[in-house]
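Have a look at the structure below, then the notes.
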Amino acid sequence: MEKRPFILDVDTGTDDAMAIIAAVKAAELDLRAITVTHGNQPLPNTLENTLRVVQFLGADVPVFAGCPDPMVRTLTAGREMNVRRQPYEQVIDGQVVNMHEDYLPLPPAKIAPQSEHAVAFLLRTLRAASTPITVVAVGPLTNIAMALRLDPGIARNIRELIVMGGGIRAVNSTSDSEFNFFADPEAAQIVLKAGARVTILPLDATTSALFDRRDAQCLRDIGTPEAEFFGRLIADFIDRMALLGISNTSDPGDHSAAIHDALCVLYMLDPRIVTDLRREACDVDFSGGFADGQLIVDTRSYMPRDDETYVAYGIDKERVMRLLCDLLGR
Numbered sequence: 001m002e003k004r005p006f007i008l009d010v011d012t013g014t015d016d017a018m019a020i021i022a023a024v025k026a027a028e029l030d031l032r033a034i035t036v037t038h039g040n041q042p043l044p045n046t047l048e049n050t051l052r053v054v055q056f057l058g059a060d061v062p063v064f065a066g067c068p069d070p071m072v073r074t075l076t077a078g079r080e081m082n083v084r085r086q087p088y089e090q091v092i093d094g095q096v097v098n099m100h101e102d103y104l105p106l107p108p109a110k111i112a113p114q115s116e117h118a119v120a121f122l123l124r125t126l127r128a129a130s131t132p133i134t135v136v137a138v139g140p141l142t143n144i145a146m147a148l149r150l151d152p153g154i155a156r157n158i159r160e161l162i163v164m165g166g167g168i169r170a171v172n173s174t175s176d177s178e179f180n181f182f183a184d185p186e187a188a189q190i191v192l193k194a195g196a197r198v199t200i201l202p203l204d205a206t207t208s209a210l211f212d213r214r215d216a217q218c219l220r221d222i223g224t225p226e227a228e229f230f231g232r233l234i235a236d237f238i239d240r241m242a243l244l245g246i247s248n249t250s251d252p253g254d255h256s257a258a259i260h261d262a263l264c265v266l267y268m269l270d271p272r273i274v275t276d277l278r279r280e281a282c283d284v285d286f287s288g289g290f291a292d293g294q295l296i297v298d299t300r301s302y303m304p305r306d307d308e309t310y311v312a313y314g315i316d317k318e319r320v321m322r323l324l325c326d327l328l329g330r
């Protein structure tokens, strides 16, 4: 069977690293390239982290640096003054604790990114594609939106956009928004309205399958370097969220974390991990007010669904674990 070609767009922090590991280990898929954007850390950090993971995996995958800033949101002074932000960074006992480390605990990268800009690569590749290409985007959507803005016609050569972003009832960055959509709301709206099929895995779906320290140890026990690192990333994510006071529980023995970005790659491998997928009418608020970056889903049954946009509402964790054990044991 022909492998499904795809491009992975990341802002590499903890869960992006998990997504890269899954993408490289999945022999059933054809990972053409990794494009990198701003997000969990500034672009120099997310690029270095991406290169570190690719180097760790020994993968022959080209990496392209993309946009260092959102399309327009930082041009408006005080745009964030109206919202209460989730504490992604705090000083605890004299130490700065971030949700995502500045640099992943891997050796510094000796490999280099490609010289071509990520947006130029996306345009060139999608224009020339003889077979539609899937784009898996797990960071702010700046790179993808810039390419679509420069040439809307490339949407015809996108088989599917699988996006980790947004939240309906589950949110994190603000009272109404999830981090990736909040980081570049205009980009998110452009992508949703581009005319390609879009499948969104929002926080509502990704947080329906939480992984605890037992799960992390179970993966580490597989024994491969990739499994060891993947499990370590989950355990570290749990610890950081607990320290920042944004864990799912106040019980120290019951902390857990979602593996948000990795689920997008796993969904491409096995769509059955999503237990509830609905075609929805979606928009993203970019007004700059309290709802900036909010994913708005019109659930009224009588309203038309003009866009081919699908939203996931649930994840089968046991199926995800079986899939991870298979992938990481290879």
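Residue numbering for the sequence shown follows full-length UniProt numbering, starting at 1 and increasing by one per position. Positions of the beta carbon are idealized from the N, C-alpha and C atoms, including for glycine.
In the displayed model, Y313 falls within a strand according to three-state DSSP. DSSP places V24 in the helix class (H, G or I) of the three-state scheme. Cβ-Cβ distances below 8 Å link Q55 to L106, P107, A109, K110, I111 in the same chain, with the five nearest sequence neighbours on each side left out; the list follows chain order. Taking V119 as reference, the option from A312, A77, P68 with the minimal CA-CA separation is P68. Spatial neighbours of E116 in its own chain (CB-CB distance under 7 Å, excluding positions within 5 residues in sequence) are listed in chain order as F64. Separation of the CB atoms of F121 and Q189 is rounded to 23 Å, and the pair is thereby denied contact status at 8 Å. DSSP, reduced to helix, strand and coil, places M164 within a strand of the structure shown. For C282, DSSP records a beta bridge to V297.
From the listed residues A187, Y313, L269, the smallest Cα separation to T134 is found for L269.
For F64, the enclosing beta strand (DSSP E) begins and ends at 63–65.
According to the DSSP assignment, F6 belongs to the beta strand (DSSP E) that extends over 4–10. Just so you know, the alpha carbons of V53 and P304 end up roughly 43 Å apart. Less than 8 Å separates the beta-carbon of A257 from that of F237. When only Cα atoms are considered, I222 and Y302 end up about 49 Å apart. In this structure, DSSP gives N98 an extended state, which the three-state scheme calls strand.
A distance below 7 Å between beta-carbons, with the five flanking residues on each side excluded, links K317 to the following residues of its chain, in chain order: A209.
When beta bridges are read from the DSSP output, D212 appears opposite S256. Taking all protein chains shown into account, D184 has 16 or more neighbouring C-beta atoms within 10 Å of its C-beta and is therefore buried.
Per DSSP, the continuous alpha helix (DSSP H) segment holding I144 begins and ends at 142–150. DSSP lists V10, A65 as the beta-bridge partner residues of V36.
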